[in-house]
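J.:
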Amino acid sequence: MKHFIINQKINKFFNRFFTYLFLIVLSVIILYPLLITVQSAFNVSNLAAFALDTHMKWTLDNFHQLFTQSLYLTWFKNTMLIVILTMVIQVIIVTLAGYTYSRYRFKGRKNGLIFFLIIQMVPTMAALTAFFVLGLIINGLDQYWYLTMVYVGGGIPMNTWLMKGYFDTIPRDLDESARIDGAGHLRILCQINLPLAMPMIAVQALWAFMGPFGDYLLAAFLLRSPENMTVAVGLQQFIANPTNQNVSMFAAGSFLISIPIVILFLFLQRYFKSGLTAGGTKG
Numbered sequence: 003m004k005h006f007i008i009n010q011k012i013n014k015f016f017n018r019f020f021t022y023l024f025l026i027v028l029s030v031i032i033l034y035p036l037l038i039t040v041q042s043a044f045n046v047s048n049l050a051a052f053a054l055d056t057h058m059k060w061t062l063d064n065f066h067q068l069f070t071q072s073l074y075l076t077w078f079k080n081t082m083l084i085v086i087l088t089m090v091i092q093v094i095i096v097t098l099a100g101y102t103y104s105r106y107r108f109k110g111r112k113n114g115l116i117f118f119l120i121i122q123m124v125p126t127m128a129a130l131t132a133f134f135v136l137g138l139i140i141n142g143l144d145q146y147w148y149l150t151m152v153y154v155g156g157g158i159p160m161n162t163w164l165m166k167g168y169f170d171t172i173p174r175d176l177d178e179s180a181r182i183d184g185a186g187h188l189r190i191l192c193q194i195n196l197p198l199a200m201p202m203i204a205v206q207a208l209w210a211f212m213g214p215f216g217d218y219l220l221a222a223f224l225l226r227s228p229e230n231m232t233v234a235v236g237l238q239q240f241i242a243n244p245t246n247q248n249v250s251m252f253a254a255g256s257f258l259i260s261i262p263i264v265i266l267f268l269f270l271q272r273y274f275k276s277g278l279t280a281g282g283t284k285g
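See below:
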C-alpha cells in the first residue's frame, strides 16, 4: 500500500511537471514573436531584421512616419470596411444555413452538406485563376465588394457545418415546447435558438473578422491600386525589397492591426461559454 501511494505521488509530480513545462514552452513560442514585434514598433533604429534588444530606446516616430509617409490610414480604412462587411454577411448566412440544415428535412439536404465538404477541400491557391476570371467577367477586380464576396463564399462551407453541429446540440424539446405555446418558426429561431447559440455565433464573428486582416494572397491578387490595398498587402511593401527594408514601420503597422481584433475579442468574450443549454429541459 505504501509503495502504491509513493508511485501515485511520483506520477502526479511528473504529470504536473510536464504539464507546466509544456505551458511554459508554449508561452515562449507565442510571446517571443509578439515581444519582438512590439519592440520593433517602438524602436528608435530601423532594424535590418527582427531582433530582441533589451537596451533599445523607445519612440513613437515609427507610427508618425507610418501615418505621414505611407497610405496606412487608407489601407486600414479599406481593411475595416472589408472585415466588417465580411463578418456581418458571413455570420448571417452561416447562422441561417446552419439552423436550416440542423432543424429541417428537405430534398437535397444531404447532398448540400456533402457539396460543402467537397468545396472546402479545394485550396485557395487552386481557385485563384477562377477568382480572377470571374472578377474579370463581372468587373470585380480591384473592387472591395468582390473581395468581400470571395471571403464570405470561402467561409460559408466549413462554418455552416460547424454551426449546424452546434445547433444539433440544442435540445429539440425546446422547439417543440415553443410550438405548443404557439410560437412560429421565426420566433423559435430568434428567441430560443439564437440566444443559446451565441457562443458559436461569437466564434464565427471573430473568425470572419480576423480572416481578412491576415490574408495577403487573395487581396494582393484581386486588388491592384495602391489606394485600394488592404493592410496586409500594404505592409508587405515595407519588407518586400531585401536591400531596403523598413522593419520598424512594418512592425508598427502590424501592432495597430491587433487593436481592433483585441477590442472585438474583449467584447465577445462574455459569449465564449459552454453549457448554456444545460438544464434547458426537464428530466
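Just so we're aligned, residue 3 is where the sequence shown starts under our numbering, counting upward by one. A virtual CB, placed ideally from N, CA and C, is assigned to each residue, including glycine.
1. Could you tell me whether the Cβ atoms of M231 and I263 are closer together than 8 Å?
2. Is F274 near A204, with beta carbons less than 8 Å apart?
3. Does the pairing of the region 98-106 with the region 161-172 give three or more beta-carbon distances under 8 Å?
4. Taking the alpha helix (DSSP H) that A242 belongs to, which residues open and close that run?
5. If D177 and I194 are in contact, beta carbons under 8 Å, what's the gap, nearest whole angstrom?
6. Give me the Cα-Cα distance between N13 and F20, rounded to the nearest whole angstrom.
7. Can you say whether D63 is buried or exposed, counting buried as having 16 or more other CB atoms within 10 angstroms of its CB?
8. Given a threshold of 16 other Cβ atoms within 10 Å of its Cβ, counted over all protein chains shown, does Q71 qualify as buried or as exposed?
9. Let's see if you can read the secondary structure: which residues bound the alpha helix (DSSP H) around L119?
10. My understanding is that V152 touches F133, with C-beta atoms under 8 Å, so please give their C-beta distance in whole angstroms.
11. What is the residue span of the alpha helix (DSSP H) that P159 lies within?
12. Leaving out five residues on either side along the sequence, give the residues of the same chain with a beta carbon under 7 Å from the beta carbon of Q271.
13. What is the DSSP secondary structure of N45, counted as helix, strand or coil?
14. Between I32, Y146 and M160, which has its C-alpha nearest F223's C-alpha?
15. Excluding five sequence neighbours on each side, which residues of the same chain lie with their C-beta closer than 6 Å to the C-beta of A180?
16. Is it buried or exposed, K11, if we count other Cβ atoms within 10 angstroms and call 16 or more buried?
17. Taking a contact to mean a Cβ-Cβ separation below 8 Å, would you say M251 touches Q67 in this structure?
18. At a cut of 8 Å, does the region 239-258 reach the region 113-132 through at least three beta carbon pairs?
19. Whole angstroms is fine: what's the gap from Y74's alpha carbon to F24's?
20. Apart from the five residues just before and just after L87, which ones in its own chain have a Cβ nearer than 7 Å to its Cβ?
21. Are the CB atoms of F267 and T81 within a distance shorter than 8 Å?
22. What residue range does the alpha helix (DSSP H) around I194 cover?
23. Is A242 closer than 8 Å to A234 when the C-beta atoms are compared?
24. Buried or exposed for A128, going by 16 or more other Cβ atoms inside 10 Å?
T.: Quick answer:
1. Here residue 231 refers to the residue found at position 229 when the sequence shown is read from its first residue. Here residue 263 refers to the residue found at position 261 when the sequence shown is read from its first residue. Result no, Cβ atoms of M231 and I263 do not sit closer than 8 Å.
2. Sequence index remark: in the sequence shown, residue 274 carries index 272 (1-based). Sequence index remark: in the sequence shown, residue 204 carries index 202 (1-based). The answer is yes: Cβ separation under 8 Å.
3. yes
4. Locating residue 242 in the sequence shown gives position 240, where the first residue counts as 1. Segment V233 to A242, the alpha helix (DSSP H) holding A242.
5. Translated into the one-based positions of the sequence shown, residue 177 becomes position 175. Translated into the one-based positions of the sequence shown, residue 194 becomes position 192. 7 Å between Cβ atoms; contact.
6. Within the sequence shown, numbered from 1, the residue matching residue 13 stands at position 11. Within the sequence shown, numbered from 1, the residue matching residue 20 stands at position 18. Their backbone Cα atoms lie some 11 Å apart in a straight line.
7. In the sequence shown, the residue the question calls residue 63 occupies position 61. Flag for D63 reads exposed.
8. Counting from 1 along the sequence shown, the entry for residue 71 is found at position 69. It counts as exposed.
9. Here residue 119 corresponds to residue number 117 of the sequence shown, with the count starting at 1. Start and end: R111 to M123.
10. Within the sequence shown, the letter at position 150 stands for residue 152. Within the sequence shown, the letter at position 131 stands for residue 133. Taking the Cβ atoms as the reference, V152 lies roughly 6 Å from F133, within the contact range of under 8 Å.
11. Here residue 159 is taken as the residue at index 157 of the sequence shown, counted from 1. Here the alpha helix (DSSP H) through P159 covers Y146 to T171.
12. Mapped onto the sequence shown, residue 271 falls at position 269. For Q271, where only same-chain residues beyond five positions count, there are no Cβ hits under 7 Å.
13. Stepping through the sequence shown from its first residue, residue 45 is reached at position 43. In this structure, N45 counts as strand in the three-state DSSP scheme.
14. Locating residue 223 in the sequence shown gives position 221, counting from the first residue. Cα-wise, what sits closest to F223 is Y146.
15. Sequence index remark: in the sequence shown, residue 180 carries index 178 (1-based). Counting only Cβ-Cβ distances below 6 Å, and skipping sequence neighbours, we find I190 and I194.
16. Within the sequence shown, the letter at position 9 stands for residue 11. It is exposed - the Cβ of K11 has fewer than 16 other Cβ atoms within 10 Å.
17. Translated into positions along the sequence shown, residue 251 becomes position 249. Translated into positions along the sequence shown, residue 67 becomes position 65. A contact, by the Cβ cut-off of 8 Å.
18. no
19. Counting from one through the sequence shown, the residue named residue 74 turns up at place 72. Counting from one through the sequence shown, the residue named residue 24 turns up at place 22. Whole-angstrom Cα-Cα distance: 38 Å.
20. Position 85 of the sequence shown, counted from the start, is the residue given in the question as residue 87. Cβ neighbours of L87 beyond the five flanking positions: T150.
21. Here residue 81 refers to the residue found at position 79 of the sequence shown. Here residue 267 refers to the residue found at position 265 of the sequence shown. No, the pair does not count as a contact, with Cβ atoms beyond the cut-off.
22. Against the sequence shown, residue 194 aligns to sequence position 192. Per DSSP, I194 belongs to no alpha helix (DSSP H) and is neither H nor E.
23. Position 232 of the sequence shown holds residue 234. Position 240 of the sequence shown holds residue 242. Not a contact, by the Cβ cut-off of 8 Å.
24. On the sequence shown, position 126 is the one that residue 128 refers to. So A128 ends up on the exposed side.
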